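Protein chains in written order, with this note's numbering: chain A, 841 to 1255; chain B, 1044 to 1289. Think of the CB as a built atom: it goes at the ideal place given N, C-alpha and C, for glycine as much as any other residue. Just so we're clear, the structure is a prediction, and the values are computed from it rather than from any experiment. Working notes for the structure below.
As structure tokens, then:
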């Protein structure tokens, strides 16, 4: 009988019977993460923003066939804000706004139309935001959009007026936007990529980032599996048996990784729901982009990340002189993993300069991130190579653990 | 008689603390050998060296014909060890606790089940109790399982560190009976440490008295009492240790 079997049998039985912990670890992210996403969205909708709009100018002018009017600009701003569920109070002077609560104040000062219709002056609109107001930023964005539109309208009026004077035929765009940018997206082979493919690539970064949550539960389990045995005074008797150390450690790592996988998949699924549910609320079905290959590679990525974390933590845990120092080392390893998963949001690791890239390649996490990226970019062979490297590196760390294992150190470990 | 364990001038330190200052003793096959001494005398360190878990700094250690630490993997096949205050896996049942150790020692599943059945018989707990999780056991029940899982492998050498420590009188008596009856039945060698002089006198063929990392005396309980002109082993112990306390 292989000696790996008894260890896995015992470990899995013990872990699965800890139903309360399993339930909390696996269900909590599935409930909390989507709830966080939905509740913030829901509450945002029910949070009323108040804007004060003041037209101190109340004048108008004509440029050629175009009418420039402060009241028209104010009406546009007010309507746009109301469409976005803002409460708008239109006042005559900014004095009237004193003592009132508002998120944003928009003032069209006197002389606005005079300056806007002039060929030598610039007109101003004053926007005052309330400190700490989330709604102020939304209102500002809406007001800025309307101002940009009206600014272009005035430019157009002036362009046609001047062209008419000089007897030249012009199109407004050729004067106002002489350069237009056409953006296309291609895959690694230079073939045009669809918007869906581009979105998949974005989703892959999010998925790699979600691995940030998978390392912690499994490390908690392996700590309990080794330090917990010491605390419960069960380790010493096992160490005096003929059980080979590689079977003992591998059995603990494999069974921990399986249970850790449940918790980790739940964590990752929770994170995906955090993004998916609010997007569904906006009418965009992100789930259509979650193709089976992307889901499969994500599960593989999760499992290899767990395995890598356990393999990296194990030598440190075995050599640690105390429970606290093993916890500190575990935390350091979780932090390193988190950094790798975080930077993948903004950085393409294979494109980094060599002196940064190659040290990162020592860590299995780097290869997991690149593996996910390669699958999304349609390079499955490269992905397999990185998967192989990640697994091999984890195996090396496991081997190191077996070599470093010291019965004496474990027995005299301070708990 | 053949030697099961041979220790020659064994020394061990942990940093600045010297645990063993030169232990020399022989344990013969088939005997029950007791190691007695006050707290911190070096009993557990001596047992841990014999069980391959701790490496000695100096001296010679031979267990069942194998030299330690060089041949520790061979030794582990033939020994069974019950550490002091050994725990059970509290989420496993009593039966599963036995089966886990049986699977480690056995060559195949059938042998593992036979071994665990023997463990259940040694423990003397009925099947309903064995089906309960170890977390529900009293201290006495848990110790019966722990002792049974040590004995059931029928190892050539059984090492028991304070097997009845912290137990009530009834549980302690039951454990002693388990040890005495079963080890005599399978003719195995037993080394046990204890604070309880009655227990040692009842179980052991010979005793080593250890104090401050040194062997103070080795003999049969009867000889130790007689040679120190004492009424019982406890008095002999106080006299012998007292001499070495200075």
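query	result
Starting from the beta carbon of residue 1251 of chain A, find every residue of chain B whose beta carbon is closer than 8 Å, and list them in chain order.	1091, 1096 and 1097
Rounded to whole angstroms, what is the Cα-Cα separation between residue 1024 of chain A and residue 1042 of chain A?	16 Å
Rounded to a whole number of angstroms, what is the C-alpha to C-alpha distance between residue 1236 of chain A and residue 1093 of chain A?	14 Å
Helix, strand or coil: which one does DSSP assign to residue 1116 of chain B?	helix
Could you tell me which residues DSSP pairs with residue 1136 of chain B in its beta bridges?	B:1176
Along chain B, which residues have their Cβ under 9 Å away from the Cβ of residue 1065 of chain A?	In chain order: nothing, as chain B lies at least about 11 Å away.
Does the stretch 1188-1196 of chain A come close enough to the stretch 1061-1071 of chain B that 3 or more CB-CB pairs lie under 8 Å?	no
Residue 1039 of chain A: which of A:1152, A:1129 and A:985 sits nearest, CA to CA?	A:1129
Would the beta-carbon of residue 1095 of chain B fall within 8 Å of that of residue 1081 of chain B?	no
Checking contacts by CB at 8 Å: is residue 1135 of chain B closer than that to chain A?	yes
Report, in whole angstroms, the separation of the C-beta atoms of residue 1146 of chain A and residue 1100 of chain A, which I expect to be a contact under 8 Å.	5 Å
Which residues does DSSP pair with residue 1101 of chain B in a beta bridge?	B:1054
If we cut at 8 Å on Cβ distances, does residue 1044 of chain B have a partner in chain A?	no
What's the gap between the Cα of residue 1089 of chain B and the Cα of residue 1063 of chain B?	8 Å
Please check the pair residue 1195 of chain A and residue 877 of chain A, which I expect to be a contact at CB under 8 Å, by giving their CB distance rounded to whole angstroms.	Incorrect: roughly 39 Å between the Cβ atoms, too far for contact.
Counting only the same chain and skipping the five closest in sequence on each side, list residues whose C-beta sits under 7 Å from that of residue 1260 of chain B.	1252, 1267 and 1283
With DSSP run on the structure shown, which of helix, strand or coil describes residue 942 of chain A?	coil
Please list the terminal residues of the continuous beta strand (DSSP E) segment that includes residue 929 of chain A.	926-931
Quick one: grab the DSSP three-state call for residue 964 of chain A.	coil
Tell me the DSSP bridge mates of residue 900 of chain A?	A:909
Using 8 Å as the cut-off, can you tell me whether the stretch 1170-1184 of chain A makes contact with the stretch 1132-1143 of chain A, which would need three or more C-beta pairs spanning the two stretches below that distance?	no
So, is residue 1202 of chain A buried or exposed, given that buried needs 16 or more other C-beta atoms within 10 angstroms?	exposed
With distances taken from CA atoms, which of A:923, A:1137 and A:1089 is nearest residue 889 of chain A?	A:923
Which residues mark the beginning and the end of the beta strand (DSSP E) in which residue 1124 of chain B is found?	1122-1125
With DSSP as the reference, label residue 1267 of chain A as helix, strand or coil.	Since the first residue of chain A shown is 841 and the last is 1255, residue 1267 of chain A is not available in this structure.
Are at least three pairs of beta-carbons, each pair with one atom in the stretch 929-949 of chain A and one in the stretch 1001-1013 of chain A, less than 8 Å apart?	no
How would you label residue 1204 of chain B, buried or exposed, when you count the other beta carbons within 10 angstroms and need 16 or more for buried?	buried
Whose Cβ in chain B lies nearer than 7 Å to the Cβ of residue 1077 of chain A?	1124, 1125, 1126 and 1129
Assign residue 1019 of chain A to buried or exposed, taking buried as 16 or more other Cβ atoms, counted over all protein chains shown, within 10 Å of its Cβ.	exposed
Start and end of the beta strand (DSSP E) containing residue 1061 of chain B?	1060-1071
Counting only runs of 3+ residues fully inside the stretch 960-1024 of chain A, write out the beta strand (DSSP E) ranges in chain order.	966-969
According to DSSP, is residue 1182 of chain A helix, strand or coil?	helix
In chain order, what residues of the same chain lie with their CB nearer than 6 Å to the CB of residue 996 of chain A, ignoring the 5 residues before and after it?	1012
Strictly below 8 Å CB to CB, what residues from chain B border residue 1074 of chain A?	1129, 1130, 1131 and 1132
Where residue 867 of chain A and residue 1107 of chain A are concerned, what is the direct C-alpha to C-alpha distance, given to the nearest angstrom?	9 Å
Which residues in chain B sit within 7 Å of residue 1248 of chain A, going by Cβ to Cβ distance?	1096, 1097 and 1098
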